[in-house]
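Heads up: the structure comes next, in structure tokens.
In the UniProt record's numbering, the protein residues as written are 1 to 248.
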């Protein structure tokens, strides 16, 4: 079925040219097709408003500048962000972590795997000295060969769901439940933690202001894009909830 955006039919060549920019997305073809469709909607609006169209990028940027006006974040907002998210501005924070991974794969039944993981966790909670032995016997991570040790980890080095948990644990603590991540089921022990120190507000005020301003622009741009989508004549593609092609 052809994809029509107002009076333009999107071609395979346009999608092919856009595709390399979206290879890290879960569905690159869909994301590329959506980006092309949205770009045409934005270019049509720029033309309707009589904005200069020296290039597609310049036209879309001119549309953004003319239609979205946002002030810089004030100091109160910046300080509130700083106080609500101290972990983002803490440096030198480290945890020494051991884990046992029960990897979830299509060929492994989840029920028996979870049962084995739960049984192993209970054994370790009763006798923490078993941790390294069980890691060598059962872990699907290469760290199992060294008793489950992942070494020292700083923020940003692991997946978010793992990071949130280990940086909230105390030295010597074994998580009393299984942690489920995109990799599987984990038994976790924090051997030692170094708390680091919080950077002074004055040192991070400008980056916070810039980040909040960028976030506001992003939210306003998405809202404006959806408004234009609602006005456009769209056939052959679902654009509800899509972001603009400037937002990767």
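All C-beta atoms in this analysis are idealised placements derived from N, C-alpha and C, irrespective of residue type, glycine included.
Sorted by chain position, which residues of the same chain lie with C-beta nearer than 7 Å to residue i's C-beta, five sequence neighbours on each side aside?
i, result
"residue 86", "198"
"residue 212", "73, 77, 78 and 81"
"residue 114", "185"
"residue 89", "82, 198, 199 and 204"
"residue 2", "9 and 236"
"residue 149", "98 and 143"
"residue 110", "104"
"residue 263", "Because the chain here runs from 1 to 248, residue 263 falls outside it and cannot be looked at."
Give the straight-line distance between the Cα atoms of residue i and residue j, rounded to the nearest whole angstrom.
i, j, result
"residue 230", "residue 142", "51 Å"
"residue 250", "residue 32", "Because the chain spans 1 through 248 in this model, residue 250 falls outside it and cannot be assessed."
"residue 173", "residue 191", "7 Å"
"residue 170", "residue 71", "41 Å"
"residue 206", "residue 227", "32 Å"
"residue 203", "residue 134", "45 Å"
"residue 236", "residue 56", "23 Å"
"residue 27", "residue 18", "13 Å"
"residue 214", "residue 60", "17 Å"
"residue 168", "residue 21", "36 Å"
"residue 122", "residue 128", "10 Å"
"residue 151", "residue 126", "24 Å"
"residue 11", "residue 107", "40 Å"
"residue 225", "residue 209", "24 Å"
"residue 175", "residue 124", "10 Å"
"residue 232", "residue 239", "11 Å"
"residue 164", "residue 14", "41 Å"
"residue 146", "residue 120", "18 Å"
"residue 29", "residue 16", "9 Å"
"residue 273", "residue 139", "An answer regarding residue 273 cannot be provided, because it is not within the stretch 1 to 248 covered by the chain."
Where does residue i fall in DSSP's three states?
i, result
"residue 179", "strand"
"residue 233", "coil"
"residue 194", "strand"
"residue 217", "helix"
"residue 4", "strand"
"residue 238", "coil"
"residue 246", "Note on residue 246: pLDDT 46, under 50, position unreliable in the model; the coordinate value appears next. Correct three-state label for residue 246: coil."
Please determine whether the Cβ atom of residue i lies at a distance below 7 Å from any heavy atom of the ligand GTP.
i, result
"residue 50", "With respect to the ligand GTP, the structure shown offers nothing to examine, as it has no ligands at all."
Report the CB separation of residue i from residue j in whole angstroms; it is logged as a contact under 8 Å.
i, j, result
"residue 269", "residue 116", "Outside the displayed range of the chain (1 to 248) lies residue 269, so it cannot be described from this structure."
"residue 153", "residue 91", "That pair is no contact at about 14 Å."
"residue 68", "residue 41", "So it is not a contact: roughly 16 Å between Cβ atoms."
"residue 118", "residue 195", "About 31 Å separates the two Cβ atoms, so there is no contact after all."
"residue 62", "residue 47", "Rounded, the Cβ-Cβ distance is 11 Å, inconsistent with contact."
Report all residues from its chain with a CB closer than 6 Å to the CB of residue i; omit the five preceding and five following residues, and keep chain order.
i, result
"residue 162", "181"
"residue 186", "99, 101 and 179"
"residue 245", "With a pLDDT of 47 at residue 245, under the threshold of 50, the predicted position of this residue should be treated as unreliable, and no value is reported."
"residue 201", "82"
"residue 44", "6"
"residue 193", "95 and 171"
"residue 137", "none"
Can you list, in chain order, the residues of its chain with a C-beta nearer than 8 Å to that of residue i? Leave out the 5 residues immediately preceding and following it.
i, result
"residue 159", "181, 182 and 183"
"residue 166", "95, 97, 153, 158, 188 and 190"
"residue 156", "163"
Please go through the stretch 67-91 and give each complete alpha helix (DSSP H) segment of 4 or more residues, from N-terminal end onward.
With a minimum length of 4 residues, the continuous alpha helix (DSSP H) runs that stay inside the stretch 67-91 are 75-84.
Segments assigned alpha helix (DSSP H), at least 4 residues, entirely inside the UniProt domain "PpiC" (92-192)
Here the runs fully enclosed are 110-126, 131-138 and 160-166.
Identify every run of the alpha helix (DSSP H) within the stretch 14-74, keeping only runs that are complete inside it and at least 4 residues long; order them along the chain.
If we require 4 residues or more, the alpha helix (DSSP H) runs fully inside the stretch 14-74 come out as 28-48 and 56-67.
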